[in-house]
Structure formats: C-alpha cells, structure tokens
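Following: one structure in structure tokens, then a few remarks.
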Amino acid sequence: MGNGGIKRHVCPCLSTFANTGFKIYNTLTRRIEEIVPLHANTIKMYSCGPTVYRYIHIGNLRTFIMADWLRRTFEYRGFTVVHVKNITDVGHMRQELVDQGEDKMLAQARKEGKTSAQIAQFYTHAFHEDETALNILPAHIFPYATQHIPEMIAIIEGLLANGIAYEVNGYVYYDVKRFPGYGKLSGNLLESMLQGVREGTTADRHNPEDFPLWKPAESGREMAWESPWGRGFPGWHIECSAMSMKYLGKRFDLHTGGVDNIFPHHEDEIAQSEGYSGQQCVNYWVHAQHLLADGQKMAKSAGNAYTRAEIEARGFDPLSLRYFYTTALYRSRLNFTFRALQAAQTALDRLRDLTYQLYTQADKSTVLSEEPLPSNQWTNAFLREVEHDLNMPRAMAIVWAMVRSREEEPTTRIRLLLDWDRILGFNLKQYLQSAVPAKRHDPTTSLATLPTPIMAQVRERDVLRSKERYEQADQIRRG
2 MGNGGIKRHV CPCLSTFANT GFKIYNTLTR RIEEIVPLHA NTIKMYSCGP TVYRYIHIGN
62 LRTFIMADWL RRTFEYRGFT VVHVKNITDV GHMRQELVDQ GEDKMLAQAR KEGKTSAQIA
122 QFYTHAFHED ETALNILPAH IFPYATQHIP EMIAIIEGLL ANGIAYEVNG YVYYDVKRFP
182 GYGKLSGNLL ESMLQGVREG TTADRHNPED FPLWKPAESG REMAWESPWG RGFPGWHIEC
242 SAMSMKYLGK RFDLHTGGVD NIFPHHEDEI AQSEGYSGQQ CVNYWVHAQH LLADGQKMAK
302 SAGNAYTRAE IEARGFDPLS LRYFYTTALY RSRLNFTFRA LQAAQTALDR LRDLTYQLYT
362 QADKSTVLSE EPLPSNQWTN AFLREVEHDL NMPRAMAIVW AMVRSREEEP TTRIRLLLDW
422 DRILGFNLKQ YLQSAVPAKR HDPTTSLATL PTPIMAQVRE RDVLRSKERY EQADQIRRG
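Residue numbers for the sequence shown follow the working numbering, so the first one is 2 and each next one is one higher.
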C-alpha cells in the first residue's frame with residue numbers, strides 16, 4: 002500500500018468556503034448537483050482501481066482520467082483532496098461468471114506459470130506506468146484487497162449481526178430483500194438484478210438475487226484465508242466497502258468508476274456499506290461512459306482493447322490520449338479510432354508549439370513563476386465549463402480562444418495556459434522547460450517512422466489479432 006503526501010493548492014480568488022461551486026451529474030439522484038463537501042475545504046474521494054491480472058486498456062484509462070480531472074479541479078480551487086484508489090488482487094469476476102469459471106488472478110497465474118502475487122505485482126507496476134504516462138496524479142492511498150481481508154471479515158460479521166446476511170455451508174450471502182434501498186443507484190428492476198447477480202445454482206439462497214460476501218475455498222486453492230465460516234475468500238464487492246470505510250470513513254464525498262460498475266458492483270457496495278453502518282455511504286456517484294473502438298465495445302476477444310503501450314508502439318505520444326478524452330463529455334460514449342487519435346496528437350502538438358511561441362515572446366522572468374494569477378474573464382470562462390459537469394470540450398474551446406487572442410499579451414496568455422494546465426494535465430510546463438518544439442506526427446508515416454523491429458512487431462500483432470490469435474499477440478507485446 003502506497004501513501005503519498007496530500008498537497009493543497011490555493012486559488013487566489015477564494016478563501017474559506019463550504020461549497021465547491023462544482024456541479025456534477027450524480028448517478029444516485031440522476032441530476033446535476035453542486036458538490037457540497039462533508040467537511041469544509043476537504044474532499045474525500047474513492048476510485049475503483051484496476052484488477053491486476055492483465056494490462057488495463059484505454060477505456061479504463063478514460064475513467065481514471067475523469068477522476069483525475071475532478072481531483073485536479075478541486076485542488077486548483079484550494080481544497081485538500083484525500084484520494085483512495087484500490088488495487089484488486091483477488092477475485093473480482095463478473096458475478097454471473099464466478100461459479101461458472103475460476104478466479105481471474107489464479108487463471109492468469111497458471112497461464113503464465115507464476116504465483117498470484119507475482120501476477121499482481123507485475124500488472125500493478127504496469128498500471129502505475131500507464132497512469133504516469135498519461136500524467137494522472139497518483140492516489141494518496143493505493144490499498145490492496147489482499148491486505149484488507151480482516152476488514153472485510155469484520156464487515157461481514159456486522160452484516161450477520163444486523164440480520165442482513167446469512168451463512169449457508171461456508172457461504173455468506175447478503176439478503177437483498179432486507180435492504181429496502183437496493184436498486185436505488187442503478188434503478189434496476191428485479192428482472193435485471195437476477196441477470197446481474199446469478200452465480201450458478203441458487204438452491205442455498207433465500208432469494209435468487211442474493212449475492213455472496215464470502216465463499217468457501219476448494220482444496221489447494223492458492224488465495225484463501227481463514228474466517229469464522231471456514232477457509233475461503235471474499236466476494237467481488239466487499240473489498241471496496243472495507244477499504245473505502247477504512248481510509249475515508251463510513252460516509253464520504255465522492256465515488257468514481259465506469260458505467261459498467263454501476264450494477265452490480267456499486268449497487269452491492271452501497272448495500273454492504275449502508276447495511277453495516279446504518280447511514281448513507283457516499284454523497285456523489287460519478288461514472289464515465291464506455292469508450293468504443295471503431296463503433297464497437299472494447300473487448301479482448303474482439304482484438305480492440307488497446308493498451309497504452311500499443312498506442313505508443315504505433316508512434317503516438319500517450320498524452321495524445323489525454324487530449325482525445327477531452328473531445329467528448331465524460332458521460333457520453335466516445336468512439337476511438339486511430340484517425341481520431343491522430344487528430345488529437347496534431348492538436349496537442351499545435352498547442353505545444355503555441356506554448357513555445359508564446360514563451361519566446363513573453364517576459365521569461367515571470368512565465369514559470371509560482372506567483373498566483375489574479376482572477377480574470379478568461380479563467381472565469383474556463384472554470385465555468387470545467388465546473389459544469391466536466392464539460393471538457395467547451396473548456397478546450399476556451400483554451401484555444403485564449404491562446405489565439407490578441408487582446409492579451411503573450412506573457413498573460415502563457416501564464417494562463419500553464420495555470421489551467423494544472424487541471425488539464427498536458428504537462429506543458431515540463432514541455433516548455435525542455436525548450437524543444439513539439440514533434441509532428443504525419444498520419445501517413447507514423448508507423449513508417451518507427452524503428453524497423455518495432456514496426457514489424459506492430460504489424461505482426463495486427464495480423465495475429467485479425468486471426469483471433471490473441472495469446473500470441475500478447476506474447477509479442479510482452480517481448
């Protein structure tokens with residue numbers, strides 16, 4: 002578990018306040034609401050992190066970027082943010098597959114001839130590399146599921162004591178009908194719930210829709226722990242209840258994830274946390290929509306679940322992905338194509354070029370100054386878009402209008418741009434300090450300009466994917 006320092010950035014236009022001024026679509030209430038923190042000047046937020054049995058894809062990264070924009074904006078406004086992002090290194094299969102298949106961590110360990118711990122360590126490191134490449138601020142706490150089994154057991158014991166859970170033959174199930182608020186996040190009817198939580202037979206359950214909190218381990222299972230109900234392992238959802246409450250308390254401000262987390266994962270997380278504590282667990286639930294690839298849902302079986310490393314292998318700057326994500330509202334579907342990514346790369350390169358050009362014309366003694374900028378109409382316009390449901394497309398329109406404006410001196414324009422980049426996260430200050438103009442990417446030569454061995458590997462992976470030989474394609478990627 003990593004625990005970094007929590008930094009506070011002070012915006013000169015604000016002093017002490019209770020409200021954020023930030024309005025966001027709350028999945029729980031199905032409306033745009035102003036975020037009012039539980040504690041003045043502090044935001045506590047939890048993000049569902051990766052399941053570390055394989056590389057995350059660029060659809061996952063879109064969700065993490067959304068959370069990063071939220072956090073950066075709060076910090077820009079002067080709030081202290083406490084950000085927790087879990088690492089799932091046990092279990093975590095889609096519920097309808099749990100009893101029909103095996104734990105993905107164990108399956109991948111067997112496939113690669115490694116232990117589950119080695120698999121988790123390898124893909125956790127890869128995840129951190131991905132986030133660093135996209136300039137995503139690291140969470141202050143990265144708790145691992147396997148390091149919080151006692152906390153999970155304690156919550157399960159509490160749910161049993163509250164009469165909301167029951168034990169059958171080493172399984173502990175959550176009794177959905179004992180929690181009146183079940184379905185309030187997703188709005189799902191019983192029929193949908195049945196589809197989402199079915200795990201093999203239901204003979205031992207009080208209700209077909211009840212979901213497992215704890216399961217007995219088969220003989221010889223690598224990832225298993227002792228519990229009051231025998232040796233076993235936790236269900237899919239209990240980890241997030243345990244880790245969020247441990248680090249953020251029984252009630253906190255903000256929970257982020259992808260739309261695929263809404264049901265059953267986040268619905269069940271609410272049932273667990275609130276059934277245990279007796280109070281509302283999260284005030285604002287924020288979810289990013291799916292990223293499509295050539296109009297289709299991303300899936301490994303479809304060969305379109307591109308990773309950050311694959312994007313780089315094709316000659317793209319990983320920050321071009323960050324720019325690409327600004328081209329649509331976070332809760333709208335966004336279609337990824339390499340042509341669209343090329344356009345984002347070109348736009349980012351142009352923004353870098355303008356940054357450098359403004360720098361050459363500006364008063365260099367103040368450009369990189371840490372002195373706060375006074376509030377002005379440009380910053381007010383930019384923040385108005387960012388803070389209205391993270392409208393990044395319109396915020397970027399303000400960026401382009403400002404950098405091209407002749408009404409402001411070059412020094413003012415570049416200082417504004419670098420100031421706003423604390424939210425945008427394009428790393429423009431680092432680029433500027435290198436004093437090297439942006440490199441252009443010709444869409445017709447981006448592959449051809451790669452070194453010959455890399456270009457050959459990219460083409461070979463593409464051929465293997467087209468023949469649905471995904472394992473061999475992955476082996477080439479890993480080298």
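Glycine is no exception: its CB is placed at the ideal position from the N, C-alpha and C atoms.
Bear in mind that the values here come from a model prediction, so they are computed numbers and not experimental data.
Open item on the list: For Thr278 and Gly250, I'd like the C-alpha separation in whole angstroms.
Closed with: In the sequence shown, the residue the question calls residue 278 occupies position 277. In the sequence shown, the residue the question calls residue 250 occupies position 249. Checking the sequence, you will find Ser at residue 278 rather than Thr. Cα to Cα, Ser278 sits roughly 10 angstroms from Gly250.
Task: Inside the stretch 110-156 only - alpha helix (DSSP H) runs reaching at least 4 residues - done: Whole alpha helix (DSSP H) segments, 4+ residues: 117-134.
Task: Spatial neighbours of Leu433 in its chain, beta-carbon cut-off 7 angstroms, leaving aside the 5 residues before and after - done: Working through the sequence shown from its first residue, we reach residue 433 at position 432. Cβ within range, chain order: Thr356, Tyr357, Tyr360.
TODO: Excluding the 5 residues preceding and the 5 following Gly231 in the sequence, name in chain order all residues of the same chain whose CB lies nearer than 7 angstroms to its CB.
DONE: Taking the sequence shown and counting its residues from 1, the one referred to as residue 231 is at position 230. These residues qualify, in order along the chain: Gly171, Pro217.
Task: In DSSP terms, what Arg32 is bridged to - done: Residue mapping note: residue 32 aligns to position 31 of the sequence shown, counting from 1. Listed as beta-bridge partners of Arg32 by DSSP are Asn27.
TODO: Identify every residue that forms a DSSP beta bridge with Val53.
DONE: Position 52 of the sequence shown, counted from the first residue, corresponds to residue 53. Note: Val53 sits in no beta bridge, so no partner.
Task: Among Glu34, Arg72, Arg78, His129, nearest to His58 - alpha-carbon criterion - done: Taking the first residue of the sequence shown as 1, we reach residue 58 at position 57. Checking every option, the nearest Cα to that of His58 belongs to His129.
Task: N-terminal and C-terminal residue of the alpha helix (DSSP H) that Glu275 is part of - done: For the purposes of this step, residue 275 is taken as residue 274 along the sequence shown, with counting starting at 1. Start and end: 268-278.
Open item on the list: Let me check one thing: in DSSP terms, what residues is Gln297 bridge-paired to?
Closed with: The sequence position of residue 297 within the sequence shown is 296, counting from 1. Note: Gln297 sits in a beta bridge opposite Ala294.
Open item on the list: I want to know whether the stretch 160-176 touches the stretch 330-337 - three or more CB-CB distances under 8 angstroms.
Closed with: Three or more Cβ pairs closer than 8 angstroms define a contact, and the stretch 160-176 falls short of that threshold against the stretch 330-337.
Open item on the list: Contact defined as beta carbons within less than 8 angstroms: I believe Leu214 pairs with Tyr174. What is the distance between those atoms, to the nearest angstrom?
Closed with: As a first step, residue 214 must be located in the sequence shown, where it is residue number 213. As a first step, residue 174 must be located in the sequence shown, where it is residue number 173. At roughly 7 angstroms, the Cβ-Cβ gap stays under 8 angstroms, so Leu214 and Tyr174 are in contact.
Task: For Ala310, the first and last residue of its enclosing alpha helix (DSSP H) - done: By one-based count along the sequence shown, residue 310 stands at place 309. Looking at the DSSP string, the run of the alpha helix (DSSP H) that includes Ala310 is 309-314.
Open item on the list: I'd like the list of long-range same chain contacts for Ala225, defined as Cβ closer than 8 angstroms, with 5 residues on each side in sequence excluded.
Closed with: Here residue 225 corresponds to residue number 224 of the sequence shown, with the count starting at 1. Only Ala218, Arg232, Gly233, Phe234 meet the Cβ criterion.
TODO: Would you give the residue range spanned by the beta strand (DSSP E) that Met46 belongs to?
DONE: For this step, residue 46 is matched to residue 45 along the sequence shown. DSSP places Met46 inside the beta strand (DSSP E), whose first and last residues are 43-48.
- [ ] Decide if Trp401 is buried, meaning its Cβ has at least 16 other Cβ atoms within 10 Å, or exposed.
- [x] Walking along the sequence shown from the start, residue 401 turns up at place 400. Label assigned to Trp401: exposed.
Open item on the list: Contact between the stretch 56-74 and the stretch 114-122 is defined here as three or more beta-carbon pairs at a separation below 8 angstroms; is this criterion met?
Closed with: No contact exists between the stretch 56-74 and the stretch 114-122.
TODO: Could you say which of His291, Glu210, Arg252, Val287 lies nearest to Asp269 if we only look at CA atoms?
DONE: Mapped onto the sequence shown, residue 269 falls at position 268. The residue with the shortest Cα to Cα distance from Asp269 is Glu210.
Task: DSSP state of Asn61 mapped onto helix, strand, coil - done: For this step, residue 61 is matched to residue 60 along the sequence shown. Secondary structure at Asn61: helix, using DSSP grouped into helix, strand and coil.
TODO: Tell me whether the beta-carbon of Lys86 lies closer than 8 angstroms to the beta-carbon of Gly114.
DONE: Residue 86 sits at position 85 when you count from the first residue of the sequence shown. Residue 114 sits at position 113 when you count from the first residue of the sequence shown. Result no, Cβ atoms of Lys86 and Gly114 do not sit closer than 8 angstroms.
- [ ] Since I believe Arg73 is in contact with Arg423 (beta carbons under 8 angstroms), could you give me their beta-carbon distance rounded to a whole number of angstroms?
- [x] The residue labelled residue 423 in the question sits at position 422 within the sequence shown. The residue labelled residue 73 in the question sits at position 72 within the sequence shown. That belief holds up - the Cβ atoms of Arg423 and Arg73 are roughly 6 angstroms apart, short of 8 angstroms.
Task: DSSP beta-bridge partners of Pro213 - done: The count along the sequence shown starts at 1 and reaches residue 213 at position 212. In the DSSP output, where bridge partners are listed per residue, Pro213 has Tyr174.
Open item on the list: Given this structure, state the Cα-to-Cα distance separating His442 from Asn284, to the nearest angstrom.
Closed with: Working through the sequence shown from its first residue, we reach residue 442 at position 441. Working through the sequence shown from its first residue, we reach residue 284 at position 283. Note on His442: pLDDT 39, under 50, position unreliable in the model; the coordinate value appears next. Those two C-alpha atoms are separated by around 44 angstroms.
- [ ] Pull up the DSSP beta-bridge partners for Val83, would you.
- [x] The count along the sequence shown starts at 1 and reaches residue 83 at position 82. Paired residues: Lys45.
Task: Distance, Glu386 Cα to Arg395 Cα - done: In the sequence shown, the residue the question calls residue 395 occupies position 394. In the sequence shown, the residue the question calls residue 386 occupies position 385. Going from the Cα of Arg395 to the Cα of Glu386 covers about 6 angstroms.
- [ ] For Leu320, name the three-state secondary structure that DSSP assigns.
- [x] Locating residue 320 in the sequence shown gives position 319, where the first residue counts as 1. Helix at Leu320.
- [ ] Provide the residue span of the alpha helix (DSSP H) that contains Val91, from first to last.
- [x] Numbered from its first residue, the sequence shown carries residue 91 at position 90. Counting along the chain, Val91 falls outside any alpha helix (DSSP H), and DSSP gives it neither H nor E.
- [ ] Assuming Leu39 and Arg252 form a contact by the criterion Cβ under 8 angstroms, report the distance between their Cβ atoms to the nearest whole angstrom.
- [x] For the purposes of this step, residue 39 is taken as residue 38 along the sequence shown, with counting starting at 1. For the purposes of this step, residue 252 is taken as residue 251 along the sequence shown, with counting starting at 1. About 7 angstroms separates the CB atoms of Leu39 and Arg252; that is less than 8 angstroms, so the two are in contact.
Open item on the list: Let me check one thing: in DSSP terms, what residues is His238 bridge-paired to?
Closed with: To locate residue 238, count along the sequence shown from 1; it is residue 237. For His238, which the question treats as bridged, DSSP gives no partner whatsoever.
Task: Paired residues, beta bridge with Phe337 - DSSP - done: Reading the sequence shown from its first residue, position 336 is the one you call residue 337. Looking at the DSSP assignment, Phe337 forms a beta bridge with Ala294.
TODO: Just the C-alpha distance for Glu408 and Arg414, rounded to the nearest angstrom, thanks.
DONE: The residue you call residue 408 lines up with position 407 of the sequence shown. The residue you call residue 414 lines up with position 413 of the sequence shown. Between the C-alpha atoms of Glu408 and Arg414 there is a straight-line separation of about 10 angstroms.
Task: Burial state of Ala345, where buried means 16 or more other Cβ atoms lie within 10 Å - done: The residue you call residue 345 lines up with position 344 of the sequence shown. The residue is buried, with at least 16 neighbouring Cβ atoms inside 10 Å.
- [ ] Give a yes or no on whether the C-beta atoms belonging to Gly60 and His256 are separated by under 8 angstroms.
- [x] Taking the sequence shown and counting its residues from 1, the one referred to as residue 60 is at position 59. Taking the sequence shown and counting its residues from 1, the one referred to as residue 256 is at position 255. Gly60 places its beta carbon 8 angstroms or farther from that of His256.
Task: Selected residue, minimal CA-CA separation from Thr328, among Ala310, Ile312, Ala348 - done: Start at 1 with the first residue of the sequence shown, and residue 328 comes out as number 327. Looking from the CA of Thr328, the closest CA among Ala310, Ile312, Ala348 belongs to Ala348.
Task: For Thr28, the nearest candidate out of Arg416, Glu371, Asn381, Asp261 (CA to CA) - done: Taking the sequence shown and counting its residues from 1, one reaches residue 28 at position 27. Distances from the CA of Thr28 to each of Arg416, Glu371, Asn381, Asp261 were compared; the closest alpha carbon is that of Asp261.
Task: Range of the contiguous beta strand (DSSP E) that encloses Trp379 - done: As a position in the sequence shown, residue 379 is number 378, starting the count at 1. Unbroken run through Trp379 is the alpha helix (DSSP H), 378-387; no beta strand (DSSP E).
Task: Endpoints, the alpha helix (DSSP H) within which Thr367 is located - done: Stepping through the sequence shown from its first residue, residue 367 is reached at position 366. 365-368 is the extent of the alpha helix (DSSP H) around Thr367.
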